[in-house]
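Going by my numbering, the first residue of the sequence shown is number 1184, and it counts up by one from there.
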Amino acid sequence: MAEGCELPCLSPGRIMRPDDANFAGNVHGGIILKMIEEAGAIISTRHCNSQDGEPCVAALARVERTDFLSPVCIGEVANVSAEITYTSRHSVEVQVNVMSENILTGAKKVTNKATLWYVPLSLKNVNKVVEVPPIQYARKEQEEEGKKRYEEQKLDRLETKQRNGDVIFPIINPEPHTVGYSQSSLIHLVGPSDCTLLGFVHGGVTMKLMDEVAGIVAARHCKTNIVTASVDAINFHEKIKKGSVITISGRMTFTSNKSMEIEVFVDADPFVDEARERYRAVSAFFTYVSLSKEGKPLPVPQLLVRALCTGLRASGASPAAAAPGQSPAGSAQHILFPSIIQQKNMRGRASGLVGFAFVIFTPVSIET
Ligand SMILES: CC(C)(COP(=O)(O)OP(=O)(O)OC[C@H]1O[C@@H](n2cnc3c(N)ncnc32)[C@H](O)[C@@H]1OP(=O)(O)O)[C@@H](O)C(=O)NCCC(=O)NCCS
């Protein structure tokens, strides 16, 4: 721990209950993400208010790629610990660890290590970012390493701006194992219990709903017990206000032998605020694995990408050109979905690259 910073925020631990888990007794990844975010929000808000300054609430701005190292089961206790590891002028880096504990045998396992970035927002003015009190580092190298991580995530943020144009449309009679077969959406009215003191949604609530949708997509695709394996870095660009209606949509973008990549979008409709139109608040990629009854990873059915572009070709429109919430011009029944091809980027981490693969076009006659 960095010297002089807050004591780590240690939660007393919580017993995992049946409503935290799927039918096979594995705790949902979204529950764990929500606990991680709560611990991060507590420690960073506490730190940002530790000196005489403007009262503020720390808002989740980013979660680095998070791996789920082993499943947590009903009856086990999840212990969450958080530590502030770096502060920039306006942001706080928090490292959160989750450990599962079997309280009958005493066996403990590290299940998650996550890095989150929070930005303090003034209690008086939600749009004002306030300054973060600096922490004291035990060693000079800790500060240098933290600065390096800060610079890296800033660069990554520039590279991975949201893909605002993408929309998910319902598909009639989809063929099994195509994108349309498993794509799913949830609609949620944002209530007070979902929100921070400033009246916008907690990042953990959003991530839980995103994981729920990704889980439905994965289960529909392979019809087995599925678990979250990892979540790619998520940036929270826009606040979602209390009273908004949010639509969380997910679609399968890639399958490898034993894993599925699912893209999830969160669109917010702040209909109580007439001045604002529906907007894309968050998007992220989740990776899921299908498990056998013995808990071993199973091969997954391969994703079939089909496109019937009749109306689109005839009209010259492209689905990506459609604005959020609107259908593209033409009468296509199947939408041309970009397939995400997983590649290793220069840092050796899996990342999504948009491309088109295995696209089958139906011949159309164009009347002149
Ligand atoms: C986080 C937020 C306030 C930043 O607003 P902004 O207009 O980008 O602010 P600024 O450009 O002035 O940046 C302020 C600080 O935030 C940091 N920041 C901004 N976006 C960030 C991100 N995605 N990840 C990490 N840090 C981020 C900047 O680096 C800067 O810190 P620095 O000056 O020390 O470098 C804004 O993006 C927001 O409101 N996001 C939604 C937050 C939220 O609702 N969270 C819950 C999830 S639903």
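We put the beta carbon where it would ideally sit given N, CA and C, even for glycine. These numbers were taken from a predicted model, which means no experiment stands behind them.
Which residues DSSP lists as bridging residue i, in chain order
i: lysine 1291; result: Glu1284
i: isoleucine 1409; result: Ser1473
i: lysine 1424; result: Phe1383
i: isoleucine 1370; result: Thr1430
i: asparagine 1209; result: Cys1256
i: arginine 1197; result: Ala1261
i: asparagine 1418; result: Arg1245
i: arginine 1463; result: Asp1450
i: glutamine 1487; result: Here residue 1487 turns out to be leucine, not glutamine, going by the sequence shown. Its beta-bridge partners are Thr1361.
i: alanine 1204; result: Val1210
i: proline 1480; result: Leu1474
From the options, residue whose alpha carbon lies closest to that of residue i
i: valine 1246; options: Asp1235, Thr1268, Val1400, Val1277; result: Val1277
i: tyrosine 1320; options: Tyr1269, Glu1284, Leu1341, Lys1422; result: Tyr1269
i: glycine 1387; options: Thr1438, Glu1221, Arg1434; result: Glu1221
i: leucine 1341; options: Phe1469, Pro1484, Ile1417; result: Ile1417
i: arginine 1272; options: Val1255, Ser1194, Pro1303, Lys1296; result: Pro1303
i: isoleucine 1318; options: Ile1409, Lys1337, His1230; result: His1230
i: valine 1255; options: Arg1197, Val1210, Val1309, Ser1264; result: Val1210
i: valine 1384; options: Ile1423, Glu1334, Val1293; result: Ile1423
i: asparagine 1205; options: Ser1305, Ala1224, Ile1409; result: Ile1409
i: serine 1194; options: Asp1203, Asp1202, Ile1226, Arg1200; result: Ile1226
i: valine 1455; options: Arg1248, Ser1233, Val1373; result: Val1373
i: arginine 1200; options: Thr1228, Tyr1471, Ala1261; result: Ala1261
i: threonine 1470; options: Asn1440, Thr1228, Arg1489, Val1488; result: Asn1440
i: glutamate 1421; options: Asp1452, Ala1401, Gly1398; result: Asp1452
i: glutamine 1336; options: Arg1248, His1360, Arg1322, Asn1310; result: Arg1248
i: alanine 1224; options: Thr1379, Val1400, Leu1474; result: Thr1379
i: proline 1444; options: Gln1485, Arg1463, Val1281; result: It is worth fixing the name first, because residue 1444 is glutamate in this sequence and not proline. Among Gln1485, Arg1463, Val1281, the Cα nearest to that of glutamate 1444 belongs to Gln1485.
i: isoleucine 1354; options: Ala1412, Glu1328, Arg1489; result: Arg1489
i: lysine 1291; options: Val1263, Ser1305, Phe1468, Val1309; result: Val1263
The alpha helix (DSSP H) enclosing residue i, as first and last residue numbers
i: valine 1400; result: 1386-1405
i: serine 1227; result: 1212-1231
i: aspartate 1450; result: Run containing aspartate 1450: none in the alpha helix (DSSP H); it sits in the beta strand (DSSP E), 1443-1452.
i: tyrosine 1333; result: 1323-1342
i: valine 1362; result: 1362-1365
Contact check, residue i vs residue j, beta carbons under 8 Å
i: lysine 1217; j: methionine 1390; result: yes
i: leucine 1299; j: leucine 1243; result: yes
i: isoleucine 1431; j: serine 1368; result: yes
i: glutamate 1266; j: serine 1283; result: no
i: valine 1449; j: valine 1465; result: yes
i: valine 1275; j: alanine 1241; result: yes
i: valine 1312; j: glutamate 1237; result: no
i: isoleucine 1219; j: asparagine 1295; result: yes
i: leucine 1481; j: threonine 1436; result: no
i: lysine 1425; j: proline 1357; result: no
i: valine 1362; j: valine 1396; result: no
i: alanine 1402; j: serine 1442; result: no
i: leucine 1487; j: histidine 1360; result: yes
Cutoff 8 Å: residue i Cβ touching any chain B Cβ
i: isoleucine 1267; result: Here there is only one protein chain, and chain B is not present.
Limits of the beta strand (DSSP E) - the one that residue i falls within
i: valine 1428; result: 1428-1438
**Request:** Tell me the start and end of each unbroken beta strand (DSSP E) in the stretch 1237-1316 that is at least 3 residues and wholly inside, in chain order.
**Result:** Within the stretch 1237-1316, the complete beta strand (DSSP E) runs of at least 3 residues fall at 1239-1246, 1260-1270, 1275-1284, 1291-1305.
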